[in-house]
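Structure first, commentary second.
In our numbering, the protein residues as written are 18 to 470.
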């Protein structure tokens, strides 16, 4: 406005910006129990403490009665920790958590559902623990269910019930009144996760958050969500296959190299203690294009079946396809076969499949991949009692792999008679200590001679 309507003077108005009052955060609005060492305002004492005076006792663990889940978590669930479990829709996240807490009959568990009704949870619980089963106890009064999405109400329920474990399914459905946005937005997820973390670290129970993932495969919400929590678990697998893999992408109380494998059944997820027996087929005798690889995921060895198929290109342009294996690494191995070994595959279609629907990133299966491809190309089967492990370099050499003792022991336990390993790995073992025949090879040509004569 140029002219003041009150005094009639020109250019006498001044612009004054008034900052809006910031709304109170969820942490400020909620009554959080204070742990010893915290002041009334909730700030920790700022006096520096010598490192030698800090007690570092072993964290007590809650046994979840699931060998695979306990291994991935580092021995069990730490009291007062915040765990985030992510995975694709329908992969079995809620099923895994529900069947786990159904076993905890000696713990008081509060299950907060923002996606399903109480009746749906009851039907799922009855399906997971059918009559006569001894693996999972029948639903009891130790498991409390509430369907709510308000963070303020969730804290009120926790304060009233005082459970040992809280499960929130899912964090994307929870919202607080202090943030003026819809549930699932970045600000809502960040504010709710921060409030739950403060509650857990201030003497509260352990909290398990179930999270959705976006189309890129990462957990939906701000990246700070993964920084806030103590443990990030990723539940992976293909809905068309029976197997599910549980990985720890972050773990403040244990290793991130552990791996859990489950089998999806009609009555829930069954932990797989020996995945090698499930990933190998019994009718592979006399079939070309099949090689058994000894892989390690995390610190766990298992044997997988590598299937290769080589055929003449039908349309003039050769096709390359890999399922469960890196496509670019497949092209590199094919180039090594053509340049270093002399097999011409430029005018042939090459298809590779890792049986069981697993995706393996261990470079030690390189030798089994090229062996399966060569076996299909020459239509000669590899003996069924032979397995391979080794990384293939660009010059055609077979490079050493890690944990060679565990790989050989796993192959011997499953009844294999011969294993092909890198020659450089002989320095770490004594071949006479094993009943299985150990065949060392320095180059790809040596391995082919050992396999096909």
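Heads up, the beta-carbon is just placed ideally off N, CA and C, and yes, glycines get one too.
This one's a predicted model, so the numbers in the text were calculated from it and none came from an experiment.
Around the beta-carbon of residue 400, fewer than 16 other beta-carbon atoms lie within 10 Å, marking it exposed. Comparing alpha carbon positions, the residue from 398, 365, 346 closest to residue 378 is 346.
Counting only unbroken stretches of 3 or more residues, the beta strand (DSSP E) elements lying wholly within the segment 234–267 are 248–254, in sequence order. Each residue's CA atom was taken as its position, placing residue 469 and residue 293 some 25 Å apart. Rounded to whole angstroms, the separation of the alpha carbons of residue 266 and residue 222 is 23 Å.
In this structure, the beta-carbon distance from residue 178 to residue 161 falls below 9 Å. Beyond the five residues adjoining it in sequence on each side, residue 424 comes within less than 6 Å, by CB distance, of 311, 318, 406 in the same chain, given in chain order. Given a length threshold of 4 residues, each whole run of the alpha helix (DSSP H) inside the segment 128–194 is given here in chain order: 135–145, 168–178. By the 16-neighbour rule on beta-carbons within 10 angstroms, residue 411 is exposed. Counting C-beta pairs closer than 8 Å gives fewer than three between the segment 263–279 and the segment 364–374, which falls short of the contact rule. Its Cα nearest to that of residue 328, the residue 396 stands out among 353, 287, 396.
Within its own chain, the residues whose Cβ lies closer than 6 Å to the Cβ of residue 313, once the five positions on either side in sequence are excluded, are 379, 420, listed in chain order. Residue 213 sits away from residue 227, with the two beta carbons spaced by 9 Å or more. Secondary structure within the segment 312–400: the beta strand (DSSP E) runs of 3 or more consecutive residues, fully enclosed, are 317–329, 337–340, 365–371 (chain order). Setting aside the 5 residues that flank it on each side, residue 98 is surrounded in the same chain by 223, 247, each with a C-beta closer than 6 Å to its C-beta; the list follows chain order. Rounded to the nearest whole angstrom, the C-alpha separation of residue 193 and residue 168 is 5 Å.
Comparing alpha carbon positions, the residue from 112, 125, 122 closest to residue 138 is 112. In this structure, residue 306 places its C-beta atom within 9 Å of the C-beta atom of residue 325.
The C-alpha of residue 427 is placed about 32 Å away from the C-alpha of residue 145.
DSSP, reduced to helix, strand and coil, places residue 202 outside both helices and strands of the structure shown, so it counts as coil. Secondary structure at residue 279: strand, using DSSP grouped into helix, strand and coil. For residue 112, the uninterrupted alpha helix (DSSP H) run begins and ends at 110–120, by DSSP. One thing to note: residue 350 has its Cβ within 9 Å of the Cβ of residue 387.
Buried is the label assigned to residue 437, since at least 16 other Cβ atoms lie within 10 Å of its Cβ.
Straight through space, the alpha carbons of residue 465 and residue 385 are spaced by roughly 11 Å. Within the segment 411–453, the beta strand (DSSP E) runs of at least 3 residues that lie entirely inside it are, in chain order, 435–439.
Across the structure, residue 282 and residue 259 are spaced so that their CA atoms are roughly 7 Å apart. Counting along the chain, the unbroken alpha helix (DSSP H) around residue 461 starts and ends at 461–469.
If you draw a straight line from the Cα of residue 451 to the Cα of residue 413, it is about 28 Å long. Bridge partners of residue 307 according to DSSP: 324. Spanning the alpha carbons of residue 373 and residue 296 requires a straight line of approximately 6 Å.
Within its own chain, the residues whose Cβ lies closer than 8 Å to the Cβ of residue 126, once the five positions on either side in sequence are excluded, are 118, 159, 160, 161, 180, 181, 182, 183, 184, listed in chain order.
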